[in-house]
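Chemist: Take this structure first; my questions come after.
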Amino acid sequence: MKGKRVGVMDMDLEGPGLHVIFGLDPYELPFTLNDVLVNGAQPERAALRMNDRLHLERGEIYFSPASVKVEDILKSLRSGFELDSFSNAINTLAEKFSLDYLLVDTHPGLEDDTLLAMGVCDNLLVVSRLDQQDMFGTGVLAEVARTLEKPTHLVLNMIPLALNSSEVSKIASKIGANFKIQVLGWLPFSEDIVSSLSKSVFILTNPRHSMTARFNEFARRLESLDEVN
Ligand SMILES: Nc1ncnc2c1ncn2[C@@H]1O[C@H](COP(=O)(O)OP(=O)(O)OP(=O)(O)O)[C@@H](O)[C@H]1O
Ligand SMILES: [Mg+2]
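Following this line, the structure appears as structure tokens:
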């Protein structure tokens with residue numbers, strides 16, 4: 027929406043889901059990311075320009091879906107894939123589509139594919155709820171990210187509405203200090219996001235919603251990270 031050229035990869039090969047938000051049937055494409063990573067298909071053949079479907083007038087958005095076929099999911103889990111094929115996919119997409127940003131959404135656990143994505147990215151965004159189970163996982167991820175020496179940023183999501191801004195700020199800075207991780211910001215729990223049932227890209231269908239303003243603010247902060255790097 028800011029006129030950038032953006033790629034989105036659904037690297038959650040174990041539990042793909044981004045195609046739902048984009049309203050795409052992954053079978054529409056001749057190949058999926060699984061074919062690229064496991065069988066050596068050309069990365070650009072598993073990517074689709076989404077502007078028309080999303081009625082996006084500015085910028086460019088390309089989406090690479092993961093396979094939803096059970097046999098493909100099991101195959102990618104069993105055989106895995108090499109760093110080379112992953113970095114080739116990223117570099118090829120970035121080059122062919124002249125991308126400004128490539129967003130790689132991973133599986134939440136510390137699987138090989140998540141580690142590869144963490145190793146290759148420029149910036150790592152960890153999205154977590156305040157929930158203790160999430161926090162435990164976030165601590166582990168922060169530690170791995172430190173070992174990889176990756177600039178890491180925490181986004182706290184689904185903050186209970188009972189907490190006011192100053193309480194959240196205090197909690198956020200405590201978490202940041204504990205995990206030695208920079209807190210990029212936080213988002214409240216939103217009934218409207220739940221009610222949207224992942225049927226669309228929320229900010230496009232709800233341009234005037236307060237959550238859309240929050241997401242825009244995150245986009246602005248991400249752009250400034252880019253300037254720092
Ligand atoms: N701030 C929010 N308020 C309310 N609901 C939210 C918020 N953020 C995300 N959700 C909803 O929570 C659900 C899970 O979100 P999301 O898919 O981003 O999580 P995830 O951790 O990536 O899940 P998975 O592990 O399945 O990939 C979605 O239905 C989403 O719409
Ligand atoms: Mg996810």
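Number 91 in the working numbering belongs to position 65 of the sequence shown; there are no gaps in the numbering. The beta-carbon is built from N, C-alpha and C at its ideal position, and this holds for glycine as well. If you're wondering where the values come from, they're calculated on a predicted model, not measured in any experiment.
Using beta-carbon positions only, say whether A72 and L44 come within less than 7 Å of one another.
Modeler: No, Cβ-Cβ distance for A72 and L44 is not below 7 Å.
Chemist: Kindly indicate which residue of L103, R155, M144 and G135 has the alpha-carbon position closest to the one of S261.
Modeler: The first residue shown for the chain is 27 and the last is 255, placing residue 261 beyond what the model contains.
Chemist: Kindly list the residues whose CB is nearer than 8 Å to the CB of E70, restricted to its own chain and excluding five residues on each side of it in sequence; keep chain order.
Modeler: T118, L119, K122 and F123, listed in sequence order.
Chemist: Beta strand (DSSP E) containing D36: first to last residue?
Modeler: Per DSSP, D36 belongs to the beta strand (DSSP E) from R31 to M37.
Chemist: Just to check, is the beta-carbon of P134 closer than 6 Å to a non-hydrogen atom of ligand 1?
Modeler: Yes.
Chemist: What's the call for V64, buried or exposed, on a 16-neighbour Cβ count within 10 Å?
Modeler: Result: buried.
Chemist: So, do the stretch 148-156 and the stretch 92-111 have three or more beta carbon pairs nearer to each other than 8 Å?
Modeler: Because the criterion of three Cβ pairs below 8 Å is not met, the stretch 148-156 and the stretch 92-111 do not touch.
Chemist: Check V96 in the structure and name its three-state DSSP category.
Modeler: V96: helix per DSSP, three-state reduction.
Chemist: Within the chosen definition, does the stretch 186-198 reach the stretch 162-175 through at least 3 CB pairs nearer than 8 Å?
Modeler: No: fewer than three Cβ pairs fall under 8 Å.
Chemist: Beta strand (DSSP E) containing G211: first to last residue?
Modeler: Per DSSP, G211 belongs to the beta strand (DSSP E) from Q208 to P214.
Chemist: Leaving out the 5 sequence neighbours to the left and right, which residues in its chain are closer than 6 Å to Q208 when beta-carbon positions are compared?
Modeler: Closer than 6 Å at Cβ, skipping near neighbours: H179.
Chemist: Please state the DSSP three-state secondary structure of H179.
Modeler: Note: H179 maps to strand in three-state DSSP.
Chemist: For the beta strand (DSSP E) holding D157, just list the boundary residues, first then last.
Modeler: Neither: D157 is in no beta strand (DSSP E) and is coded neither H nor E.
Chemist: State the Cα-Cα distance for the pair A21 and P186, rounded to the nearest angstrom.
Modeler: An answer regarding residue 21 cannot be provided, because it is not within the stretch 27 to 255 covered by the chain.
Chemist: For T173, tell me which candidate among L141, L100, S222 and I99 has the shortest Cα-Cα distance.
Modeler: Measuring from the Cα of T173, the nearest candidate turns out to be L141.
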